[in-house]
Amino acid sequence: MLTLISYDVVIDKRRTQVMKYLLGYGSRVQYSVFECDLTAEQFATVQRDIARLIDAQTDSVRCYRLDTGAIKQIRILGRGQVTTLPPYYLVG
1 MLTLISYDVV IDKRRTQVMK YLLGYGSRVQ YSVFECDLTA EQFATVQRDI
51 ARLIDAQTDS VRCYRLDTGA IKQIRILGRG QVTTLPPYYL VG
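One point on numbering: in full-length UniProt numbering, the residue at position 91 of the sequence shown is 91, and numbering is uninterrupted.
Written out as structure tokens, the structure reads:
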């Protein structure tokens, strides 16, 4: 399911760790916003792992799960497009 993840992490080192971690799951669409296509299991893993990377007292991470209806309502002004990942990858 398409998942929008945004973060506001105070310390540069932690912010970089979160960014690098999320690069393994999706596309960076803005400075601190990622679009990820995650299964329920991956979503649980991402939540658990990010919770370990951040300081819950000072940092904020928001995860929005978007169903098909919500995806159809996305409007982008200016540059960019909604991330579309293929259902499979060909490795040759």
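We put the beta carbon where it would ideally sit given N, CA and C, even for glycine.
These figures come from a predicted structure and were not determined experimentally.
Short of 6 angstroms in beta carbon distance, which residues of its chain neighbour residue i, apart from the five on each side in sequence? Order them along the chain.
i	result
A70	none
Please state if the CB of residue j and the CB of residue i are separated by a distance shorter than 8 angstroms.
i	j	result
D49	Y21	yes
D59	R14	yes
Once the 5 residues before and after residue i are set aside, which same chain residues still bring their CB inside 8 angstroms of it?
i	result
F43	M1, T3, C63 and R65
V10	D55, T58 and D59
R75	none
Among the options, which has the Cα closest to the Cα of residue i?
i	options	result
F34	T45, Q47 and M19	M19
I5	T16, S32, R52 and Q73	S32
Should residue i go down as buried or exposed, given a rule of 16 or more other Cβ atoms within 10 Å for buried?
i	result
L38	buried
G26	buried
Please go through the same chain and pick out, in chain order, the residues whose beta-carbon is closer than 7 angstroms to the beta-carbon of residue i, but skip the five residues on each side of it.
i	result
V46	Y25 and L38
DSSP beta-bridge partners for residue i?
i	result
R62	S6
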